[in-house]
């Protein structure tokens, strides 16, 4: 499981605290300008991003540990600031009674490939995680609860609008990508069946 650091998110290097909220401390090698470019934070001001992250708790996850487990209904969002994660999807058994397997969908490295907000859609819906996210190497993250997010949205409705819209845009992108994969698989299956005839 995820182990909590001793310190919650505290003072940011270059971003001032706002409205009495503490700013945040970023891991070495993580520049705040990279954090601002994360898709979850599109069109938010630096102060709004700081307020969102300052609500969270800084955590470290050791290599091999699961950050998110597919099917779980927890609603925290994990903002991965540094480290490498593997996004895995369960595969049903090939044969009846066979073992379930997991397939790696993608590996992401922060901050080199950007900053990733894992689990944000479930923060809205709470219907169940769509994939497992596991640490490939030690990771630094900030974990923000659904309750903290909703409280901040009530205080700053514009922030709430943009973040909810950004999460919806990611869901739409994922759905479009899935639809494209289904079309390719359907075409491949159709060709394979035609060759058998």
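Numbering (the UniProt record's numbering), first residue to last: 1 to 197. Every residue, glycine too, gets a C-beta built ideally from N, C-alpha and C. Since this is a predicted model, take the numbers as computed values, not measurements.
Rounded C-alpha distance that separates residue 180 from residue 187: 11 Å
Backbone CA spacing between residue 65 and residue 133 [nearest angstrom]: 9 Å
8 Å contact criterion, which residue 81 and residue 141 should meet: CB distance rounded: 6 Å
Beta-carbon gap between residue 108 and residue 143 smaller than 8 Å: no
Touch test, the stretch 98 to 116 against the stretch 150 to 163, Cβ-Cβ under 8 Å, three pairs minimum: no
DSSP three-state assignment for residue 151, whether helix, strand or coil: helix
Inter-residue spacing [alpha-carbon to alpha-carbon] between residue 185 and residue 175: 15 Å
C-alpha gap between residue 197 and residue 189, whole angstroms: 13 Å
Where residue 185 sits in the DSSP three-state scheme: helix
Three-state class that DSSP yields for residue 115 in the structure shown: coil
Residue nearest to residue 163 in terms of C-alpha spacing, selected from 28, 123 and 33: 123
Same chain only: Cβ atoms within 7 Å of residue 36, ignoring 5 sequence neighbours per side: 46 and 49
Whole-angstrom distance between residue 193 and residue 77, CA atom to CA atom: 43 Å
For residue 102, the three-state DSSP class (helix, strand or coil): strand
Helix, strand or coil at residue 47 according to DSSP, with G and I counted as helix: helix
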